[in-house]
Amino acid sequence: MKRINKKKVLVSVFALSLVGSTTAAEFIYKPASPIEIASDLQKIEGGQLDRYHKPFEIQRLSENVYWVSVSYYNVTVIVGQNSVLLIDAPMWGGKRVLDAIKTITDKPLSAIVYSHSHADHVGGVGEIIEELGNRVIDLYATEEVRNSFIAHKMNMPEPTKIISNRINFEGHDIKVNKTLIGHASDNTIFLIKDGNRKILHAVDIVHPDQLEFRNFSLAEDPILYQNDIDTLLSMDWDVMVTGHSNLGYKEDVKFLQGYISDIRKYLHEGFKTTNLHDHLKSDVPFEWYDSYSREVIDYAYRLLSKKYRLGREKEFDINARTHIDVYLWEMISRGLTP
Numbered sequence: 266m267k268r269i270n271k272k273k274v275l276v277s278v279f280a281l282s283l284v285g286s287t288t289a290a291e292f293i294y295k296p297a298s299p300i301e302i303a304s305d306l307q308k309i310e311g312g313q314l315d316r317y318h319k320p321f322e323i324q325r326l327s328e329n330v331y332w333v334s335v336s337y338y339n340v341t342v343i344v345g346q347n348s349v350l351l352i353d354a355p356m357w358g359g360k361r362v363l364d365a366i367k368t369i370t371d372k373p374l375s376a377i378v379y380s381h382s383h384a385d386h387v388g389g390v391g392e393i394i395e396e397l398g399n400r401v402i403d404l405y406a407t408e409e410v411r412n413s414f415i416a417h418k419m420n421m422p423e424p425t426k427i428i429s430n431r432i433n434f435e436g437h438d439i440k441v442n443k444t445l446i447g448h449a450s451d452n453t454i455f456l457i458k459d460g461n462r463k464i465l466h467a468v469d470i471v472h473p474d475q476l477e478f479r480n481f482s483l484a485e486d487p488i489l490y491q492n493d494i495d496t497l498l499s500m501d502w503d504v505m506v507t508g509h510s511n512l513g514y515k516e517d518v519k520f521l522q523g524y525i526s527d528i529r530k531y532l533h534e535g536f537k538t539t540n541l542h543d544h545l546k547s548d549v550p551f552e553w554y555d556s557y558s559r560e561v562i563d564y565a566y567r568l569l570s571k572k573y574r575l576g577r578e579k580e581f582d583i584n585a586r587t588h589i590d591v592y593l594w595e596m597i598s599r600g601l602t603p
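In the working numbering, the protein residues as written are 266 to 603.
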C-alpha cells in the first residue's frame, strides 16, 4: 500500500486555498524549531486549536530573532549583545512568553515594545513586569500609542521611551514605520535586519493560512487598510510576524490583496444592478438602506463564495459577509460607487 506523504498533503491543501489569488505558493510546513532557522516559505505545522493549547512555540527566524507563539498570538523576540527585547506581549500570555524566552537564552529581558494600543496584543506587559519582580525595564512606544493609552484610559504600564524612526538596541537597528494605519491609527510596524534576513513585525494586517477576522480585524479605515496591503508588498522584507496564526510571506499578502480587490469588484457590479428606489417601501429610511444594502451584499457574496469558499467553509460563512459589509459602507461614504 502506498503511504500518504503528510507534508505534501499540507502543501497541496494550502496551495488549493490560494486558487484565484495572484499566486499559489508551495509553503513548507515543519514543526517549530528554536534552533533551526526557518527557510524561505517555511511555516509551522499544526492547526489553530493545537497551537492554542500548547504552552508556547518558538521558531528561529535568523541568528538573533525568534517568532514566539502563545495560544493564538505571536510576538517577536530579539536577542541583543547583553539582553533581550520583546515586541508585544499578549493579554493572559505574559508569563508564558517569559518562559519561552528562558528556553532561548539566559540573557535577561530588558525592553518591551508596544506595537499599538489594542490590549489583546500588549495587555500582558504588566504581568511580565510583575513576574520580573517589578524590575525596571524599558518600555518603547510611539507618541501615538502613548496618547491612545491616555485617551482610552487604559490601565497599561506607561511607555518610558518614545520612538519615532528607529530603535537602536544592542547592535540591532530596528526601523519604525508609522504609516500603515488602516487597522488602527497608532499601529506601528517594525523592520529588523539580522544578517541577511529581513524580518517584519506587522500586527493585525494579515492572518496567514486563513481568511481575516470579522470586519478585517475591526479595521478602523478599510480603504487605508487596503492601501496598507499594497504598501506591504512594496516593502523589502523576507518573513513577517503577524500577531496571529502562522508566519507570513508576501504570497499571503498577495492572496489578501486579491480577496479585497474581488470584494470591491463584486460590490461595484452589485451597485450597478441594484436600484435604491426599488426599496423605498416604508416611511423608515433605515429600512430602505437596510434592504438595499442586503441586496447588494447578497450579490457580492454569491460571487465571492464561488471563488473563495471551497476548502474554508466555516471561516468563510462566519466572516465573509462582514468583509463585504465593511467595504459596502466605506465605498458609499467615500463616493466610490458607480
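Glycine included, each C-beta is placed from N, C-alpha and C at the ideal position.
Under 9 Å between C-beta atoms of residue i and residue j
i	j	result
I528	L569	yes
V468	L497	no
Y514	L306	yes
W357	L512	no
H466	F481	no
S380	F414	no
S375	N329	no
V506	I464	yes
Contact set for residue i: own chain, Cβ-Cβ below 6 Å, skip 5 residues either direction
i	result
R462	S327, D503
G535	V561, Y564, A565
N442	I454
L575	none
Proximity to residue i [Cα-Cα], best of the options
i	options	result
R479	L306, I293, E310, R586	R586
T538	V591, A565, L521	A565
K360	E392, V349, D469	E392
H542	V549, L532, W553	W553
L350	L497, G311, I457	I457
H544	Y557, F551, H533	Y557
E396	E435, I432, D364	D364
T425	D438, V401, T444	V401
L476	I352, S499, N540, S510	S510
Q522	Q491, G447, P487	Q491
Proximity test, residue i beta-carbon vs the ligand MG heavy atom, cut-off 8 Å
i	result
Q475	The ligand content of the structure shown is nil, which means the ligand MG is not present either.
Helix, strand or coil at residue i according to DSSP, with G and I counted as helix
i	result
T587	helix
Y331	strand
V342	strand
I428	strand
Y490	helix
G436	coil
M596	helix
G513	strand
H381	coil
Q313	helix
Own chain, CB closer than 8 Å to residue i, minus 5 neighbours either side, in chain order
i	result
V549	none
P355	V335, S336, Y338, V340, V362, D385, H386, V387, G388, G389
7 Å CB neighbourhood of residue i in its chain, flanking five on each side removed
i	result
I352	V340, T341, V378, S380, F455, H466
D501	K463
Open item on the list: Just to confirm the assignment: which complete alpha helix (DSSP H) runs, minimum length 4, are found wholly within the region 381-406?
Closed with: 384-387, 390-396
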